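Written out below as structure tokens is the structure these notes cover.
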Amino acid sequence: MLSITKIFSFEAAHRISNYQGSCSRVHGHSYKIQITVTGKEIGEDDMLIDFKVLKDLVNESVIRQFDHSFILQRNAKNINDFSLLEQRVFWMDYEPTAERMVLWMVTELEKALPVSIYLRKIVLFETETSFVTWESVPHLK
């Protein structure tokens, strides 16, 4: 089975509102994402998926949502504190931890990928040395 990986990046701010520590304050990251997709066959164009097609798909379904956004959990405190901000806010149902962000990405990408292409792995770097990895488990599909 073939796999291809493409790397993306985006800038965003967030805060973890139910956290005891510095991450409860507004701060930003230069996120980096590695997206790996797989499939059983290459197409008539001799590609699993065109890198440009994958790039456009990820940019539209993920990067456009997060890039230069303030990412917050939709809760009463955050809505009260930040809903009047004249900034781009991306509201999540959960705290915007790297883990929750990756799970959100999985849902969005699985909806957007062509039928013959499967999401295999996402690695989201919050910092140079801290990242979360999601991998599909084929036998559970």
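All residue numbers for the sequence shown refer to the numbering used here, where the first residue is 1 and numbers rise by one. Ideal placement from N, C-alpha and C gives every residue a C-beta, glycine not left out. Since we're looking at a predicted model, the values are computed, not measured.
Excluding the 5 residues flanking it on each side, residue 85 has same chain C-beta neighbours closer than 8 Å at 70, in chain order.
Here the segment 110 to 123 makes contact with the segment 24 to 44; the two share three or more CB pairs at distances below 8 Å. The bridge partners DSSP lists for residue 5 are 36. Boundaries for residue 53: no beta strand (DSSP E) harbours it, while the alpha helix (DSSP H) harbouring it runs 51 to 58, taken from the DSSP string.
For residue 126, the three-state secondary structure derived from DSSP is coil. If you ignore the 5 residues before and after residue 23, its C-beta comes within less than 6 Å of the C-beta of 16, all in its own chain and listed in chain order.
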